[in-house]
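Using the working numbering, the first residue of the sequence shown is number 0, and each one after it goes up by one. See below for the structure under consideration.
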Amino acid sequence: LQTFVWRAEDANDDELRYEIQYRREGETVWKSLKSELADAIFVWDTTSVPNGTYVMKVVASDQPSNTPGAALEGELESSAFDIDNAPPVVIVNSTRPAGGRSTIQFEVRDEWSTISKVEYSLDAQRWQVVYPRDGIFDSRIEQFELTLEGEAAARGLIIRAFDAKNNSATSRGDVT
């Protein structure tokens, strides 16, 4: 859900109504989301559109207080913002048992947002953070290497990843 709040004033205190429009970056046609709003707030369920970069426009009109030919309008566009409803993808590249330890190499990818957090759990117990190889969550593709000692490798490994929009994905990463 995306919440939009704005402020509009009318010099002679006419009653205002709002129309909310949107367009995807690269498009030229505005699409109407809601009209005849009396309040200066709108909550948009963004699952109704594909992932991408969007711009909103609020059109304010004092038509309720004026005759049809005398009504005035004003509009304002938002800055561009991203809609990302898709979870990241966890890809286990390799598992290597050796010398009482097991090393799991995996990557996490997201089409629209940076990866913000990755955790693992053994046998659905407490989640533990695992950091990317470069030490910082700062891109849409992150590489990971997790080493499990002794019996921990034989337990069920679950990997959970989050993107910057808080979408999450969970994957198994069992050592074979």
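Beta carbons: idealized from backbone N, C-alpha and C, even for Gly.
Burial state of residue i (16 or more Cβ within 10 Å)
| i | result |
| --- | --- |
| P87 | buried |
| L15 | buried |
| G172 | buried |
| A97 | exposed |
| S78 | exposed |
| E110 | exposed |
| D61 | buried |
| D162 | buried |
| E24 | exposed |
| A123 | exposed |
| L147 | buried |
| L145 | buried |
Distance between beta carbons of residue j and residue i, contact taken as under 8 Å
| i | j | result |
| --- | --- | --- |
| T2 | V42 | 5 Å |
| V89 | I40 | Actually they do not touch by this definition, with Cβ atoms about 37 Å apart. |
| E72 | V58 | 6 Å |
| D13 | T52 | The pair is not a contact, with the Cβ atoms about 35 Å apart (cut-off 8 Å). |
| Q20 | L32 | 6 Å |
| I140 | E106 | 6 Å |
| N166 | D44 | Going by Cβ atoms, the distance from N166 to D44 rounds to 15 Å, so no, they are not a contact pair. |
C-alpha gap between residue i and residue j, whole angstroms
| i | j | result |
| --- | --- | --- |
| D137 | L121 | 26 Å |
| K56 | P131 | 39 Å |
| S115 | T27 | 33 Å |
| V91 | R22 | 37 Å |
| I113 | K164 | Reading off the sequence shown, one finds Thr at residue 113, where the question assumed Ile. Between T113 and K164, the C-alpha separation is close to 9 Å. |
| Q127 | P49 | 32 Å |
| I158 | A70 | 58 Å |
| R100 | A85 | 34 Å |
| I135 | Y17 | 43 Å |
| D9 | P67 | 17 Å |
| K30 | T46 | 16 Å |
| G155 | A168 | 17 Å |
| S34 | L0 | 18 Å |
| F143 | V129 | 8 Å |
| T94 | A160 | 18 Å |
Residues bridged to residue i (per DSSP)
| i | result |
| --- | --- |
| R100 | A97 and E148 |
| R108 | V88 and I140 |
| Y17 | L36 and A59 |
| W43 | Q1 |
| R159 | E118 and T169 |
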